[in-house]
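Top to bottom, those sequences are chains A and B. Everything in the first sequence is counted per the numbering used here, starting at 1 for the first residue and increasing by one. Everything in the second sequence is counted per the numbering used here, starting at 414 for the first residue and increasing by one.
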Amino acid sequence: MAGKLAIVGSGPSGCYLAQALRKLSRDAEITIIDRLPVPYGLVRYGVAADHQGTKSISRQFARLFEKQDVAFLGNLEIGRDLDLAELRSVMDAVVLATGLYADRTFGVPGAGLPGIYGAGEITRYWNGHPDAVDLAPELGARVAVFGNGNVAVDLIRLLAKGAEDLDGSDFEAGHVNDAVREIHVIGRSPLEQAKFDAAMIRELGQLDHVAYQLATGDVLSESDEPVVAALNALFERDVSTPTKNVIFHTGFQVDRFTENNGRLGGVLLTRVGADRSLDLDSAITAIGFTADTSERAVLHDAAKDLSEGVLAPDLFAAGWFKRGPTGTIADNRADSITVAGHVVERLNAAGSEKPGRNALIERFDKKLTDYQDWLAIDAAETHDAPAGRCRAKKPSYAALFETIENRRQTACK
Amino acid sequence: MQVTLLYGTESGNAEILCEDIEADLSDEHEIEVADLQDTSPEDLTGDRHYIFICSTYGDGELPASAISFGEALEKDAPDLSAVRFSIFGLGDTTYVDTYNNGSKQLAEMLTAQKATQVGPRGLHDASTGDPAEETAIPWVKERLAELQ
């Protein structure tokens, strides 16, 4: 009998780790813990609502809980409900796969003004994350997106789309950005060096009513990068009466954000030989993600072998919690497979003396949510989907727990 | 019939699909499953039927686990004239221009080495939200019925 494992975080890295570990060990006890009452983390709350094909990897992960004897324990936050040390004391091994939650921010004057949002919080709001239900961003007509990566492209696309462009998604009707007219895209490096995927830039070209242009006075240098061809194709499209305009600015640093009536009024940009000022109603920063607590840095500093995900003999790290904010979902799959190789060694050597999952269930009992609870939410959300949408997300803790409570009462009858 | 399912995957969907197909067909057929990453084109023989399950990644490229196989096909140019295969692609029409390009490329690379493709390429579009196995399993059964 192999040992008992808890994976903290039910996003793609945690689920891929469980998947890889189950292949290596048929009898290890595997428990995936999440602070939210529902599983799948970034897949449910970070992948854009109109990328349902990407979200479909949750079908893979469902097998963990349905066929591969992996348990989901939701609504359990390590550090709030239970210390990491306590979790380690009841498990043979613990893997931290909690991702990176917080948005990196600009350290420039005005960066804290109302009207400036982080990509992460906006994405969570658009995805019906219960922590973001009250965000209610006021984006107005003129929005700037800061960043030259794929997170920025998701934001541009969802800002540019109208209700009819969101058919098949689970984007909530009330969140559609109809008031937006101008989307300014601002990156620090020259646009030809942008980290956008060409495929995602081409996807922007499917929006017939949106015009894309390079800002007056800016130049896109020639390059063999596919992204440059994709951008040029966008700029060359002929859109006679655009409903929205997307303007790319190349190679600008933010000098400062300016205030108007107590909130964001504009931005002053600078690059060698040029300044530019833009009037804005809102800004979204997509300049990277970072840890929301100091614990990660402490664990990283003390790590035995961070590149292999080994923090201590019984403690491991996976995904962005381990790697930092780089790499796609698929990159993190490869990484989780590597880490699982170390975890299984630990589990195989363990004596199976630890109480494992049962200790958590005994202590927290009905507070915990399980996979059956998630199935009830999934069924309710799918059933309630309005026309043109695949799902109506329960956007608050109250709505999630109400559905769970209903299921439990029905199950008892 | 002896059938080998070979998957090329990046996010794991093609691998899971192979497991589903294997579970569904193993009563009637002798099924083996392998990752293209662990397969050399020279391993392919005329004694079995090969079904490739291949996704598309990045800008219409082969997925990570199919890359070494694809490179070996081009570099070693093995004679695959005895080999018969069918191919099913996993794609996403969100990316219109490169939809299912990975499976298309792989099919072309195999036929360029004289392998014989049996039946049309199967396609699944992840953006529909329909489970891939619901399209793939009937498609595999049709291919195997054609061979018998």
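Idealized CB from N, CA, C, for every residue including glycine.
Start-to-end residues for the alpha helix (DSSP H) that takes in residue i
i, result
"residue 548(B)", "545-560"
"residue 90(A)", "84-90"
"residue 72(A)", "Here residue 72(A) belongs to no alpha helix (DSSP H); instead the beta strand (DSSP E) covers 70-73."
"residue 403(A)", "397-412"
"residue 333(A)", "329-349"
"residue 228(A)", "226-236"
"residue 215(A)", "It is not in any alpha helix (DSSP H) - residue 215(A) carries neither H nor E in the DSSP assignment."
"residue 439(B)", "Where residue 439(B) is concerned, there is no enclosing alpha helix (DSSP H), given that its DSSP letter is neither H nor E."
"residue 55(A)", "52-55"
"residue 63(A)", "58-66"
"residue 198(A)", "198-204"
Alpha-carbon spacing of residue i relative to residue j, whole angstroms
i, j, result
"residue 513(B)", "residue 429(B)", "18 Å"
"residue 199(A)", "residue 90(A)", "46 Å"
"residue 468(B)", "residue 354(A)", "41 Å"
"residue 516(B)", "residue 478(B)", "13 Å"
"residue 399(A)", "residue 415(B)", "52 Å"
"residue 288(A)", "residue 168(A)", "28 Å"
"residue 95(A)", "residue 78(A)", "12 Å"
"residue 147(A)", "residue 185(A)", "7 Å"
"residue 409(A)", "residue 39(A)", "21 Å"
"residue 255(A)", "residue 267(A)", "8 Å"
"residue 205(A)", "residue 392(A)", "27 Å"
"residue 329(A)", "residue 17(A)", "12 Å"
"residue 334(A)", "residue 346(A)", "20 Å"
"residue 156(A)", "residue 439(B)", "47 Å"
"residue 126(A)", "residue 48(A)", "8 Å"
"residue 396(A)", "residue 128(A)", "8 Å"
"residue 231(A)", "residue 250(A)", "12 Å"
"residue 258(A)", "residue 332(A)", "39 Å"
"residue 529(B)", "residue 561(B)", "16 Å"
"residue 69(A)", "residue 208(A)", "47 Å"
"residue 136(A)", "residue 176(A)", "12 Å"
DSSP state of residue i mapped onto helix, strand, coil
i, result
"residue 354(A)", "coil"
"residue 421(B)", "strand"
"residue 291(A)", "coil"
"residue 526(B)", "coil"
"residue 4(A)", "strand"
"residue 148(A)", "coil"
"residue 244(A)", "strand"
"residue 209(A)", "coil"
"residue 40(A)", "coil"
"residue 537(B)", "strand"
"residue 474(B)", "strand"
"residue 31(A)", "strand"
"residue 14(A)", "helix"
"residue 480(B)", "helix"
"residue 389(A)", "strand"
"residue 326(A)", "coil"
"residue 78(A)", "strand"
"residue 382(A)", "helix"
Residue i, enclosing beta strand (DSSP E) - first and last residue
i, result
"residue 468(B)", "462-468"
"residue 443(B)", "443-448"
Chain B contacts from the region 4-30 of chain A (Cβ-Cβ distance under 8 Å): Hits within the stretch, in order: 16 and 19.
Residues within the region 497-521 of chain B neighbouring chain A, beta-carbon criterion of under 7 Å: Listed by position along the chain: 505, 507, 508, 509, 510 and 511.
Fully enclosed by the region 493-518 of chain B, which beta strand (DSSP E) runs are 3 residues long or longer? Counting whole runs of 3 or more residues, the region 493-518 of chain B contains the beta strand (DSSP E) stretches 497-504.
Contained alpha helix (DSSP H) runs [length at least 4] in the region 159-188 of chain A, N- to C-terminal order: Those alpha helix (DSSP H) runs which fall completely within the region 159-188 of chain A and span 4+ residues do not exist here.
Short-range partners of chain A found in the region 462-495 of chain B, where Cβ spacing is below 9 Å: Listed by position along the chain: 470, 471, 472, 473, 476 and 477.
Note down, one range per segment and in chain order, each alpha helix (DSSP H) of at least 4 residues found wholly within the region 244-317 of chain A. Secondary structure within the region 244-317 of chain A: the alpha helix (DSSP H) runs of 4 or more consecutive residues, fully enclosed, are 295-301 (chain order).
What residues from the region 438-464 of chain B come within 8 Å of chain A, judged by C-beta to C-beta, listed N to C? Cβ contacts with chain A: none found.
Contact list for the region 543-560 of chain B against chain A, Cβ threshold 7 Å: Within the region 543-560 of chain B, the residues whose Cβ lies closer than 7 Å to some Cβ of chain A are 544, listed in chain order.
Check distances from the C-beta atoms of the region 119-145 of chain A to those of chain B and list, in chain order, the residues that come in under 8 Å. Within the region 119-145 of chain A, no residue places its CB atom closer than 8 Å to a CB of chain B.
Can you list the beta strand (DSSP E) stretches of 3 or more residues lying completely in the region 93-158 of chain A, in chain order? Along the region 93-158 of chain A, the beta strand (DSSP E) occurs as fully enclosed runs of 3 or more residues at 93-96, 116-118 and 142-146, listed in sequence order.
Determine which residues of the region 164-185 of chain A have a Cβ less than 9 Å from any Cβ of chain B, and write them out in chain order. Here the close residues are 168.
Of all the residues that make up the region 198-227 of chain A, which are near chain B by a beta-carbon distance shorter than 7 Å? Within the region 198-227 of chain A, the residues whose Cβ lies closer than 7 Å to some Cβ of chain B are 198, 199, 202, 203, 206 and 226, listed in chain order.
Proximal residues, the region 40-69 of chain A versus chain B, C-beta separation under 8 Å: For the region 40-69 of chain A, the residues whose beta carbon sits under 8 Å from a beta carbon of chain B are, in order, 50, 51, 52, 53, 54, 56, 57, 59, 60 and 63.
Within 8 Å of chain B by C-beta, residues of the region 327-350 of chain A in sequence order: Those residues of the region 327-350 of chain A that come within reach of chain B (Cβ to Cβ, closer than 8 Å) are 329, 330, 333 and 334.
Of the residues that make up the region 526-541 of chain B, which ones have a beta carbon closer than 7 Å to any beta carbon in chain A? If the cut-off is 7 Å between Cβ atoms, the region 526-541 of chain B has 539 and 540 near chain A.
Below 8 Å between beta carbons is the criterion; list the residues of the region 414-430 of chain B that meet it against any residue of chain A, in chain order. For the region 414-430 of chain B, the set of positions with a beta-carbon nearer than 8 Å to some beta-carbon of chain A reads 423, 424, 425, 426 and 429 in chain order.
Got a sec: which bits of the region 373-398 of chain A sit with their beta carbon under 8 Å from any beta carbon on chain B, in order along the chain? Within the region 373-398 of chain A, the qualifying residues are 390.
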